[in-house]
Structures are given as structure tokens and as C-alpha cells.
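Note sheet for the following structure.
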Amino acid sequence: MTKLVARLILAMLILPVAGAVLLFTAFVLIPGGGPPQPSRVLTIWAIEYAVIGTYWTLLWRSTVKWNRVRIAGTLLVTIGSILCGFVGGSFVFEVARPPIPVAMLIGGGLVPIVWVLGTVLVWKESAQERLERLKTYGTDTVCCPVCGYNMTGLREARCPECGGNFTVDELLTAQQNREEELEQS
């Protein structure tokens with residue numbers, strides 16, 4: 741199994757891990773009977789966010805090229821996701837009028853969803869970083885002209901990533917253009 745496949749499997753496991761942490765902390769912090777105290781709901785979510793943030797960051801930290809923009813973007817995504825949770829909880833409270841802790845539980849669930857999606861966007865590889873990474877492969881690779889998938893070793897000129905179908909001369913022309921881009925950067 742490659743490192744990427746292992747990371748993707750671990751990324752999918754964030755949901756059951758988060759669910760288990762939420763259930764465990766709720767079981768420990770919320771005694772039976774009635775809605776929980778707001779302070780306990782905040783504690784549950786703080787633990788949940790710490791686990792998800794640590795898990796996700798440790799999982800992807802070695803594949804992300806960290807720079808000031810990504811660090812600032814991650815901070816903004818963190819603040820934005822907490823604001824989304826607050827707005828979502830407030831909306832639920834205003835519309836349905838449940839007890840405040842119930843609205844907090846519902847609104848708090850938005851935070852990890854928005855945060856993970858936001859970090860995916862902030863941490864994704866830029867076009868320049870992709871070109872630099874492709875330079876390490878050398879020029880003997882064949883990449884899809886549409887999506888950039890490495891097609892080296894395939895037995896047909898159809899990209900398994902995007903489904904693009906090419907003639908050999910289209911692939912050769914695209915590779916020559918790619919080599920020129922790599923030389924200019």
C-alpha cells in the first residue's frame with residue numbers, strides 16, 4: 741500500500757474517530773436527564789475540535805508545503821468555521837427555539853465540516869508547486885494535458901483520472917509544451 745492510499749484511508753476514518761470522541765465526551769460530561777449545561781457543550785466541542793484539528797493536521801502536514809499564506813489561510817479558516825458554527829446555532833435557535841444547549845450541539849457540528857473543507861482548499865497544491873514537483877520526475881513522464889495526471893506506463897492514451905482521450909501526437913505536443921513551462925519556471 742502506498743503512503744497516499746494509507747493517508748486517504750486514514751482521512752476517511754476521521755468521521756468515525758470524531759463520532760467516537762463526541763460520544764465518549766458526551767457520555768462523560770453530560771449526566772443523564774435533561775439538556776446539558778452550555779459550558780459542558782462548549783467543553784465537548786472544544787475537545788472534538790482539538791482531536792479533529794490535530795488528527796487532520798498530523799495526517800497531512802508532510803504533504804503540505806507550509807508557507808505564510810497557508811498558515812494565515814488555516815487561521816482564517818479556523819476563525820471562519822467557528823463563526824459558521826455560531827451563526828448556524830443561532831439560526832437553529834431562532835427558527836426552532838430548542839433549548840440553548842441543543843442549538844449549540846447542532847451549530848457546533850458545522851465547525852469541523854467547514855474547517856476540514858476549508859483546509860482542503862487552503863492546503864491544496866498550487867500550479868507553481870505542481871510544476872516544481874513534476875520537475876523532480878524529469879521530462880520522461882507523460883502527463884494528461886487536461887488534468888496533469890501522470891500517464892507514464894499506461895497502455896492507452898486515455899487518462900484514467902479525467903477520462904480525456906488523446907492521440908499520440910496530442911500527447912507529444914502537450915509534453916513539449918510542459919517541458920517549455922518547466923524550463924521557464
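Residue numbers are given in this note's numbering: position 153 of the sequence shown equals residue 893, and the series is strictly consecutive. The beta carbon of each residue, even a glycine, is placed where N, CA and C say it ideally should be.
Which of the three DSSP states is assigned to ARG870 in this structure?
Position 130 of the sequence shown holds residue 870. DSSP places ARG870 in helix when its eight states are reduced to three.
Hey, would you say CYS887 sits closer than 9 angstroms to GLY904, going by beta carbons?
Reading the sequence shown from its first residue, position 147 is the one you call residue 887. Reading the sequence shown from its first residue, position 164 is the one you call residue 904. In contact: CYS887 and GLY904 (Cβ atoms closer than 9 angstroms).
Flag this pair as yes or no: are the beta carbons of LEU850 and GLY828 separated by less than 9 angstroms?
Here residue 850 corresponds to residue number 110 of the sequence shown, with the count starting at 1. Here residue 828 corresponds to residue number 88 of the sequence shown, with the count starting at 1. In this structure, GLY828 lies closer than 9 angstroms to LEU850 by Cβ.
Rounded C-alpha distance that separates TRP863 from GLY759
On the sequence shown, residue 863 is found 123 positions in, with the first residue counted as 1. On the sequence shown, residue 759 is found 19 positions in, with the first residue counted as 1. The alpha-carbon atoms of TRP863 and GLY759 are separated by roughly 24 angstroms.
Pick from GLY774, ARG810, LEU769: whose alpha carbon is nearest that of GLU865?
Residue 865 sits at position 125 when you count from the first residue of the sequence shown. Out of GLY774, ARG810, LEU769, ARG810 has the C-alpha closest to the C-alpha of GLU865.
If you compare alpha carbons, which of ILE754, VAL757, PRO775, THR881 is closest to ALA843?
For this step, residue 843 is matched to residue 103 along the sequence shown. Of the candidates ILE754, VAL757, PRO775, THR881, the one whose C-alpha sits nearest the C-alpha of ALA843 is PRO775.
Exposure of LEU753, with buried meaning 16 or more beta-carbon neighbours within 10 Å
As a first step, residue 753 must be located in the sequence shown, where it is residue number 13. Under this definition LEU753 is an exposed residue.
Close Cβ partners of LEU762 (< 6 angstroms) along its chain, the five nearest in sequence each way excluded
Mapped onto the sequence shown, residue 762 falls at position 22. Same-chain partners within the cutoff: GLU788.
Identity of the residue in THR814, GLY893, CYS899, PRO885 nearest LEU857 by Cα
Within the sequence shown, the letter at position 117 stands for residue 857. Among THR814, GLY893, CYS899, PRO885, the Cα nearest to that of LEU857 belongs to THR814.
Which runs of the alpha helix (DSSP H) fall wholly inside the segment 767 to 821 and span at least 4 residues, in chain order?
778 to 800
Sort PHE831, ALA836, PRO838, GLY848 by Cα distance to THR818 and report the nearest one.
Position 78 of the sequence shown, counted from the first residue, corresponds to residue 818. Checked all of PHE831, ALA836, PRO838, GLY848; the closest Cα to THR818 is GLY848.
Buried/exposed call for ILE749, threshold 16 Cβ in 10 Å:
Taking the first residue of the sequence shown as 1, we reach residue 749 at position 9. Result: exposed.
When the Cα atoms are used, what is the spatial distance from ARG780 to PHE767?
In the sequence shown, residue 780 corresponds to position 40, counting from 1. In the sequence shown, residue 767 corresponds to position 27, counting from 1. About 11 angstroms.
Near LEU734, what residues of its chain come up, given a Cβ to Cβ distance below 8 angstroms and the 5 sequence neighbours on each side ignored?
No information on residue 734 is available, as it lies outside the stretch 741 to 925 that the chain covers here.
In the DSSP assignment, find the unbroken alpha helix (DSSP H) run with THR907 in it and report its ends.
Within the sequence shown, residue 907 is the residue found at index 167, counting from 1. Run containing THR907: none; DSSP gives neither H nor E here.
Can you list, in chain order, the residues of its chain with a C-beta nearer than 6 angstroms to that of ASN890? Leave out the 5 residues immediately preceding and following it.
Stepping through the sequence shown from its first residue, residue 890 is reached at position 150. Same-chain partners within the cutoff: THR881, CYS883.
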